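In our numbering, the protein residues as written are 25 to 319. Here the structure is laid out as structure tokens; the discussion comes afterwards.
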């Protein structure tokens with residue numbers, strides 16, 4: 025799909041950043057959920073073989089913020105790690121540079137922050153035959169492009185962690201001076217939990233709470249990889265409630281059993297005063313856009 029929205033893409037720097045495939049990590053041996061029932065949360069970190077964009081956010085056995093793909097974090101000192109986390113954009117190409125699957129390519133599909141031991145995850149999709157050759161610790165280089173992207177005709181909209189490659193697939197349109205963005209659902213601010221105050225926005229994510237029955241009913245059809253709109257949520261130079269704001273993001277993790285936590289949403293653009301108009305479109309999912317979708 026051709027993108028007719030003008031940007032400064034020709035001025036963007038394209039930079040290589042490197043990380044390695046993480047090991048799964050849990051808080052402790054057992055975690056009590058919001059009802060006081062113990063479980064072991066599975067799905068954060070490592071190589072997830074059987075979940076991809078387009079799959080359900082809910083009902084994975086003992087699933088806790090299940091990540092749809094391979095979790096990668098930066099290596100080296102904090103500045104090097106920060107570069108990997110902040111510069112990787114959804115839609116960027118990723119290439120294995122060490123390991124049995126060396127030279128195979130994937131695509132960045134999500135980012136998650138606020139994990140145990142100060143870890144962050146950049147989530148990368150690889151084809152199934154590549155997944156079978158991966159190992160914990162394999163090195164992955166991301167060809168970062170997207171940081172600093174601006175909309176020429178919408179200066180009040182801030183793009184965050186979105187690649188030109190994703191932008192071109194989304195079917196963005198001008199609607200009487202506002203940017204019309206296809207989304208699968210609009211999520212009210214009262215369902216948005218952990219994430220307020222977090223900065224930088226580029227390396228972290230929102231949590232949409234998945235405990236209250238009304239929230240669960242509203243979110244029941246949300247899938248991993250969906251493009252969603254968070255109403256009255258601003259994610260420009262920090263994150264929080266702001267009336268008339270919108271945050272557009274990609275669903276990058278599944279649900280959570282912890283109160284205040286839930287579906288992870290990675291910000292890709294935001295506005296303060298309604299410059300974005302969400303348009304409901306059931307197929308607005310990066311699995312469809314990149315033809316990598318699950319069930």
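A virtual CB, placed ideally from N, CA and C, is assigned to each residue, including glycine. The structure presented is a predicted model; accordingly, all values stated were derived computationally and were not measured.
Here residue 204 carries a strand assignment [DSSP, helix/strand/coil]. Straight-line measurement puts the Cα of residue 156 at about 45 Å from the Cα of residue 298. Remark: C-beta atoms of residue 227 and residue 135 approach each other more closely than 8 Å.
Shown here, residue 278 sits in coil according to DSSP, grouped into three states, outside any helix or strand.
Between the alpha carbons of residue 96 and residue 212 lies a distance of about 31 Å. Distance from the CA of residue 284 to the CA of residue 262, rounded to the nearest whole angstrom, comes to 19 Å. Rounded to whole angstroms, the gap between the alpha carbons of residue 162 and residue 54 is 29 Å. In this structure, residue 232 lies near residue 286, with their beta-carbon atoms less than 8 Å apart. Using a 10 angstroms sphere on the CB of residue 230, the tally of other CB atoms reaches 16 or more, which defines it as buried.
Residue 309 holds the alpha-carbon nearest to the alpha-carbon of residue 208 among 309, 316, 65, 64. Annotation: residue 90 is outside any beta strand (DSSP E) and is labelled neither H nor E by DSSP. By the 16-neighbour rule on beta-carbons within 10 angstroms, residue 239 is buried.
Per the Cβ contact rule, the region 112 to 124 is not in contact with the region 74 to 92 (fewer than 3 Cβ pairs under 8 Å). About 6 Å separates the CB atoms of residue 43 and residue 164; that is less than 8 Å, so the two are in contact.
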